[in-house]
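Trainee:
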Amino acid sequence: MSSSLSTFIQVPPNSDFTIYNLPYGVFSTLDNQKKRIGVAIGDEILDLSAILHLFEGPLLKLAFVNRSKATMHLPATIGDYTDFYSSIHHATNVGIMFRGKDNALLENWKHLPVGYHGRASSIVVSGVPVRRPWGQVKADEAKEPEFVASKLMDFELEMAFFVGGKENELGKPIPIDNIEEHIFGMVLMNDWSARDIQKWEYIPLGPFLSKSFATNISPWIVTMEALKPFIVANTKQDPPPMKHLHHSDDFNFDIELAVSIKREKSNVDYTLSKTNFKYLYWTIKQQLAHHASNGCNIRPGDLMGSGTISGPTPDSLGCLLELSWRGQNPVKLGDSGQTRKFLVDGDEVTIKGFCYDKKTNIRVGFGECRSMLLPAL
2 MSSSLSTFIQ VPPNSDFTIY NLPYGVFSTL DNQKKRIGVA IGDEILDLSA
52 ILHLFEGPLL KLAFVNRSKA TMHLPATIGD YTDFYSSIHH ATNVGIMFRG
102 KDNALLENWK HLPVGYHGRA SSIVVSGVPV RRPWGQVKAD EAKEPEFVAS
152 KLMDFELEMA FFVGGKENEL GKPIPIDNIE EHIFGMVLMN DWSARDIQKW
202 EYIPLGPFLS KSFATNISPW IVTMEALKPF IVANTKQDPP PMKHLHHSDD
252 FNFDIELAVS IKREKSNVDY TLSKTNFKYL YWTIKQQLAH HASNGCNIRP
302 GDLMGSGTIS GPTPDSLGCL LELSWRGQNP VKLGDSGQTR KFLVDGDEVT
352 IKGFCYDKKT NIRVGFGECR SMLLPAL
């Protein structure tokens, strides 16, 4: 990767938004409430509407807005949302918890990217707080279910990609060789989960109210062009994927990820886990090709979640369900003396991610996906 690009904007050291990134987002300001598209660089936002017909001269400086003065919004109107289940480590761990080692992965898991249709209306941008949901739960020893506020709230460290390009015609699959032109860029994602509600409802059709109450995403879409220098080898798949899911090129990414919790009225973020996007078993090309393989039309602005991203070690797991092993092993919050089996009201969860080339010192980051858990009504 060349490190010869330069900019007249002062970019702070370790900024996620370098000249090699230039992610897209939607913002507004106090003096201009109109939502508009911008590009982040350093601590600034380039207002694209202000340079529609202007690319040089003294007025260019008026097109920059300091990020501290901007309110960020969802970067696109999300028409449909699908969440996949593509981490073999996460799927195996959850399978062991609920089905035992001998039946950890279901028969179909290595043959197709498992996914489910989520709720687009409850996707909110980083910074928007999330309220603890109510739902039906049934304790193991209980005779009947009850309708209560969830007691087992969890985060899920994920990433997601936005669909771009031209919508395929209904009934016509997208060949995997052409799938890349339909992938615009990626964001961080926290797929909030109510584990006790999920346990009771997910058989036979999968999660519903345990997921649909809220999902946070980061506000800046990092383009695939910015991520291509950080491509790494795909995870080896055994058995080999079917022809319509096979692509010979590498399309996995070395993205360092971390999740932390900040307690209410605290200024300290306690890191719970560090993992990497490269641990996913199924690539995003395979996810989207599978989604469209039955002729489903995929539209620009659709959001596709990766599923919880867990690595192979105990400190690289992507949710409290795994980190606490179903609540059996409380997770320490640094040296605070506090622990977590699941989230408590007032906890603020932050997911961060970035790519880094040690040879060139080039960094491409995603900012953060941050949200606080509010008490149930």
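Those letters in the sequence shown? Residues 2 to 378, per the numbering used here, in order. We put the beta carbon where it would ideally sit given N, CA and C, even for glycine.
I'd like to check one pair, residue 216 with residue 190: are the Cβ atoms closer than 8 Å?
Mentor: Going by C-beta atoms, residue 190 is nearer than 8 Å to residue 216.
Trainee: I'd like to check one pair, residue 46 with residue 126: are the Cβ atoms closer than 8 Å?
Mentor: Their beta carbons are not under 8 Å apart, which means residue 126 does not touch residue 46 by this criterion.
Trainee: Give the C-beta separation of residue 195 and residue 153 to the nearest angstrom, bearing in mind that I take them to be a contact with Cβ-Cβ under 8 Å.
Mentor: About 7 Å separates the two Cβ atoms, so the contact holds.
Trainee: Do the CB positions of residue 87 and residue 288 come within less than 8 Å of each other?
Mentor: Yes; because the gap between Cβ atoms is below 8 Å, this pair is in contact.
Trainee: Short of 7 Å in beta carbon distance, which residues of its chain neighbour residue 201, apart from the five on each side in sequence? Order them along the chain.
Mentor: Only 137, 138, 139 and 146 meet the Cβ criterion.
Trainee: Express the C-alpha separation of residue 355 and residue 233 in angstroms, rounding to a whole number.
Mentor: Computed Cα separation, rounded: 14 Å.
Trainee: Mapping DSSP to helix, strand and coil, what is residue 132?
Mentor: Looking at residue 132 - three-state DSSP - the assignment turns out to be strand.
Trainee: Could you check the C-alpha separation between residue 171 and residue 110 for me, to the nearest Å?
Mentor: So the alpha carbons of these two residues sit roughly 26 Å apart.
Trainee: Considering only residues of the same chain and omitting the five flanking positions on each side of residue 332, which have a CB-CB separation below 8 Å?
Mentor: The residues are 273, 321, 324, 325, 340, 341 and 342.
Trainee: Measuring straight from C-alpha to C-alpha, what distance separates residue 291 and residue 25?
Mentor: Roughly 27 Å separates the two Cα atoms.
Trainee: With distance defined between alpha-carbon atoms, name the residue in 302, 229 and 203 nearest to residue 99.
Mentor: Looking at the Cα atoms, 203 is the closest of the given residues.
Trainee: Decide yes or no for the touch test of the stretch 159-174 against the stretch 295-311: beta carbon pairs closer than 8 Å, at least 3 of them.
Mentor: The stretch 159-174 is in contact with the stretch 295-311.
Trainee: Run through DSSP, which three-state label would residue 96 get?
Mentor: DSSP places residue 96 in helix when its eight states are reduced to three.
Trainee: Please name the residue or residues paired with residue 271 in a DSSP beta bridge.
Mentor: The partner list for residue 271 (beta bridge, DSSP) reads 262.
Trainee: Whole angstroms are fine: how far does the CA of residue 345 sit from the CA of residue 351?
Mentor: Roughly 15 Å separates the two Cα atoms.
Trainee: When you compare each of 359, 280, 275 and 236 to residue 353 by their alpha carbons, which one comes out closest?
Mentor: Comparing Cα-Cα distances from residue 353 to each of 359, 280, 275 and 236, the minimum goes to 275.
Trainee: Among 286, 306 and 113, which has the Cα closest to the Cα of residue 193?
Mentor: Out of 286, 306 and 113, 306 has the C-alpha closest to the C-alpha of residue 193.
Trainee: Identify, in the order they occur along the chain, each residue of the same chain with its Cβ nearer than 6 Å to the Cβ of residue 68, setting aside the five sequence neighbours on each side.
Mentor: 44 and 46, listed in sequence order.
Trainee: Pick out the complete beta strand (DSSP E) segments inside the stretch 287-360, 3 residues or longer, and give them in chain order.
Mentor: Complete beta strand (DSSP E) runs here, min 3: 304-306 and 349-358.
Trainee: Pop quiz: residue 254 and residue 278 are said to be a contact at Cβ under 8 Å. What is the actual Cβ separation, rounded to whole angstroms?
Mentor: Sure, about 5 Å apart at Cβ, within 8 Å.
Trainee: For residue 29, report the span of its beta strand (DSSP E) as first-last.
Mentor: 25-30 is the span of the beta strand (DSSP E), which, as asked, contains residue 29.
Trainee: Please look up how many angstroms separate the CB atoms of residue 75 and residue 124, rounded, as I've assumed it's under 8 Å.
Mentor: Confirmed, about 7 Å.
Trainee: Looking only at its chain, what residues have a beta carbon closer than 6 Å to the beta carbon of residue 347, apart from the 5 residues adjacent to it on each side?
Mentor: So the qualifying residues of the chain are 265.
Trainee: The beta strand (DSSP E) with residue 380 in it runs from where to where?
Mentor: Residue coverage of the chain in this structure runs from 2 to 378, which leaves residue 380 outside it and unanswerable.
Trainee: Strictly by DSSP, which residues pair up with residue 396?
Mentor: Residue numbering for the chain in the displayed model covers 2 to 378; residue 396 lies beyond these limits and cannot be assessed.
Trainee: Kindly indicate which three-state DSSP category residue 37 falls into: helix, strand or coil?
Mentor: Strand, per DSSP.
Trainee: Would you mind sorting residue 176 into buried or exposed? The rule is 16 or more other CB atoms within 10 Å of its CB.
Mentor: Exposed, by the Cβ-count rule.
Trainee: Quick one: measure Cβ to Cβ for residue 165 and residue 185, integer angstroms, because I've assumed they're closer than 8 Å.
Mentor: Right, their Cβ atoms sit about 3 Å apart.
Trainee: Where do the ends of the alpha helix (DSSP H) carrying residue 159 lie?
Mentor: No alpha helix (DSSP H) holds residue 159; the beta strand (DSSP E) holding it covers 158-164.
Trainee: Note down, in chain order, each residue of its chain lying with its Cβ closer than 7 Å to the Cβ of residue 42, except the 5 sequence neighbours on either side.
Mentor: Answer for residue 42: 8, 10, 12, 18, 20 and 23, listed in chain order.
Trainee: Suppose only complete runs of 3+ residues qualify. What are the beta strand (DSSP E) ranges in the stretch 156-218, listed by chain order?
Mentor: Correct list: 158-164, 184-191 and 216-218.
Trainee: Do you know whose CA, among 178, 236, 226 and 66, lies nearest residue 283's CA?
Mentor: If we check each option's Cα against that of residue 283, 236 comes out closest.
Trainee: Can you grab the Cα-Cα spacing for the pair residue 286 / residue 144, in whole Å?
Mentor: Whole-angstrom Cα-Cα distance: 45 Å.
Trainee: With which residues is residue 280 paired in a DSSP beta bridge?
Mentor: In the DSSP output, where bridge partners are listed per residue, residue 280 has none listed.
Trainee: Go ahead and label residue 328 buried or exposed: buried means 16 or more other beta carbons lie within 10 angstroms of its beta carbon, across all protein chains shown.
Mentor: Result: exposed.
Trainee: Could you tell me how far apart the beta carbons of residue 167 and residue 296 are, in whole angstroms, since I believe they sit closer than 8 Å?
Mentor: With 8 Å as the limit, residue 167 and residue 296 do not qualify as a contact, their Cβ atoms being about 16 Å apart.
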